[in-house]
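J.: Okay, so the sequence shown: first residue is 1 according to UniProt numbering, each after it adds one.
We put the CB at the ideal spot given by N, CA and C, even for glycine.
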Amino acid sequence: MADPKDKNRPLRLGVMGGTFDPIHNGHLVAASEVAAEYDLDEVVFVPTGQPWQKSTRDVSAAEHRYLMTVIATASNPGFTVSRVDIDREGATYTHDTLLDLRAERPEAELFFITGADALSRIASWKDIDQVWDLAHFVGVSRPGHVLPELHQENVSLLEIPALAISSTDCRGRVAQGKPVWYLVPDGVVQYIAKYGLYTES
Ligand SMILES: Nc1ncnc2c1ncn2[C@@H]1O[C@H](COP(=O)(O)OP(=O)(O)OP(=O)(O)O)[C@@H](O)[C@H]1O
Ligand SMILES: O=C(O)c1ccc[n+]([C@@H]2O[C@H](COP(=O)([O-])O)[C@@H](O)[C@H]2O)c1
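1. Distance, Cα to Cα, Phe79 vs Met16?
2. Looking at Ile113: is its Cβ nearer than 7 Å to the Cβ of Met68?
3. Does the beta-carbon of Gln50, which I'm using as the reference point, lie nearer than 6 Å to any heavy atom of ligand 2?
4. When DSSP labels each residue in this structure, what does Thr69 get in the three-state scheme?
5. Using the rule of at least 16 other Cβ atoms within 10 Å of the residue's Cβ for burial, across every protein chain shown, is Ser167 buried or exposed?
6. Quick one, which of Val138, Thr56, Trp125, Pro148 has its alpha-carbon nearest Ser156's?
7. Do you know offhand how far His151's Cα is from Phe111's?
8. Is any non-hydrogen atom of ligand 2 found closer than 6 Å to the C-beta of Gly144, if you look at the structure I gave you?
Quick look at the structure:
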């Protein structure tokens, strides 16, 4: 890895992929922790277009998920949001995500951030043997999930503050009329209410 103090080192770009239905503070803490630990210059959040492994449930419209992600990240100058996955037709595969980001940012070294649950299922991802070559992977801890030991040289594991928050739980709370204040950013609470998201479970 390049020396972080070297001014000529390549741009270090974190990639936080997710369905973000809705984005919550667990996602934001994961990105912030990895950015600090790996001295990242920026973390780009990439909402999925059509998450093929979540096709058994109705996923909210991509534009709602995209806008909630923009609202949630707006106050952090080191966070940005990419439309590459929601603007691409068809199922979302990380192979395509990373190729698109590499084409947009050829100078950058990519660090793909994933929670322990997603990392445990990574062997099922499309073209995973090629995906390993496109980025460094950082698996972060998540309550209720064990960080798997993967025998891949470009995978690192990081313990982060435990936030037992999931999008599934946030959706369920809204459907039951319970608050999601402080589980998701304030603007996302207001966006959910404004558009009446998750009122039917
Ligand atoms: N609380 C959390 N702590 C650490 N990582 C998390 C946490 N919540 C989600 N992640 C990670 O963020 C990425 C995107 O997650 P996703 O958008 O699917 O959220 P989710 O809460 O798992 O959603 P759902 O409950 O709908 O499955 C995944 O890599 C996931 O493992
Ligand atoms: O490439 C794949 O086949 C693949 C399968 C499942 C998930 N992913 C990616 O993993 C990230 C988290 O996905 P999810 O479904 O847990 O929100 C997101 O960037 C997805 O595009 C990728």
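T.: This is what the structure gives:
1. 10 Å
2. no
3. no
4. helix
5. buried
6. Val138
7. 17 Å
8. no
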